[in-house]
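Numbering (the numbering used here), first residue to last: 2 to 451. Notes follow the structure.
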Ligand SMILES: [Ca+2]
């Protein structure tokens, strides 16, 4: 599932001889000594191949770097792991194979594969923490005093064991907020890319003297051929980042990614935002103490989406789902000619008649303001703006005109035009207004002359 890459591998140019350090140490059993082997990436013999994929294949096969017989530059080797999605990494365990563990190196992490930050430094000696990495060494078994503390340790760079040594790096356990991760810890442990930047192979002290004084190519190859990196296994323990809003994170067979089963009205691959329509309060990460559930916006059933606006919250302009002026949800896409922060109003040219609820499926009706008698096509939009003389739906009349209810206008016109008039009464009042105009020339319904 993860991708792995190394910028150098033993035998990538063809057959290369290497020897195990363990067979050159006095006091070690002499069996098979001195036994050197060949690595060759192009070999037809599988045992001669040591590609970087073997570091994460779950078997005892291993990756191996070129020995420094090829040059001092092979102290610097980089291994990059791409987990394909961002996880919260709890620990990284690296197992060496047929060589000691790396000497000086940096464990790094990245979210984008471009910018890397150090997670931990490893040095051959405590002094080298200072001289190589400019960090005070953390002596003894590593511990952490801050959630994002980057330490340097020599604990895992010892020469023993000469083979199969392990490096355990904890990124969550042992840090102050491990039990209830703080935003700092969540941020510090987030990574998609993990990089092992090897800088110096661990050598025997006697060999170090020889190597320090000479170009390794001039040194007896029996010495330089024993110095290389080897990794049998890299285990990365992590979990999906669900920000405390999911109890499970199963593998999605379709996308081949782990996806949080988001709760608390949160959405997104990492439950990192409130779901559409649940933005009455800003999104917050859940903790063990507070769930921080995303609250539904109150759009009176007229919109499905909303966004949070701090100014709206500060001015208490938004109604929450319980009808309190609390939070900053602003409804988006109010339907049925509704408008307003909570879709509680009607848009211009429409009004909500007295007694009609904002939750009515069609709460807003068109204003029937006659163009000849009104100063505007907008009428009193709801009961909240109504006065005893100007109920909801009333039009602003021009000087010399007055508003009249349609039924009233109807009877007046009927009186004027005789019993034939009802035949002309059409289904919609708007059309009636047009007919009336042709009929009577002067007298109009909604803006009748006083
Ligand atoms: Ca392996």
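C-beta atoms are modelled at their ideal positions from N, C-alpha and C, and glycine is treated no differently. Computed from a predicted model, the values in this text were never measured in an experiment.
Classified as buried, residue 95 has 16 or more neighbouring CB atoms from the shown chains inside 10 Å of its CB. DSSP places residue 84 in the strand class (E or B) of the three-state scheme. Assignment of beta-bridge partners to residue 313 by DSSP yields no partner. Residue state for residue 286 is assigned as coil, using DSSP reduced to three classes.
Within its own chain, the residues whose Cβ lies closer than 8 angstroms to the Cβ of residue 273, once the five positions on either side in sequence are excluded, are 242, 244, 267 and 284, listed in chain order. Short note on residue 10: C-beta not closer than 6 angstroms to any heavy atom of ligand 1. Contact check for residue 153 against residue 122 passes: the beta carbons are separated by less than 7 angstroms.
DSSP places residue 129 inside the alpha helix (DSSP H), whose first and last residues are 127 to 134.
Distance from the C-beta of residue 234 to the nearest heavy atom of ligand 1 is below 6 angstroms. Boundaries for residue 222: no beta strand (DSSP E) harbours it, while the alpha helix (DSSP H) harbouring it runs 222 to 225, taken from the DSSP string. Just measuring C-alpha positions, the residue of 133, 147, 157 and 132 sitting nearest residue 140 is 157. Here residue 335 has 303, 304 and 344 as same chain residues with Cβ atoms under 6 angstroms from its own Cβ, once five neighbours each way along the sequence are excluded.
Beta-bridge annotation (DSSP): residue 147 is not paired with any residue. A Cβ-Cβ separation of about 17 angstroms leaves residue 100 out of contact with residue 13 under the 8 angstroms criterion. Distances from the CA of residue 278 to each of 270, 271, 294 and 133 were compared; the closest alpha carbon is that of 294. Rounded to whole angstroms, residue 93 and residue 107 show a C-alpha spacing of 13 angstroms. Contact between the stretch 63 to 70 and the stretch 123 to 139 is absent: fewer than three C-beta pairs spanning the two stretches fall below 8 angstroms. Linking residue 109 to residue 219 through their CA atoms gives a straight-line distance of about 34 angstroms.
The alpha helix (DSSP H) runs of length 4 or more contained entirely in the stretch 358 to 384 do not exist; there are none. In the assembly as shown, residue 115 is an exposed residue. Its beta-carbon has fewer than 16 other beta-carbons within 10 Å.
Taking non-hydrogen atoms of ligand 1 into account, the C-beta of residue 176 is found less than 6 angstroms away from none of them. Taking the Cβ atoms as the reference, residue 3 lies roughly 6 angstroms from residue 82, within the contact range of under 8 angstroms. When the Cα atoms are used, residue 168 and residue 126 turn out to be separated by approximately 16 angstroms. At least one heavy atom of ligand 1 lies less than 6 angstroms from the C-beta of residue 58.
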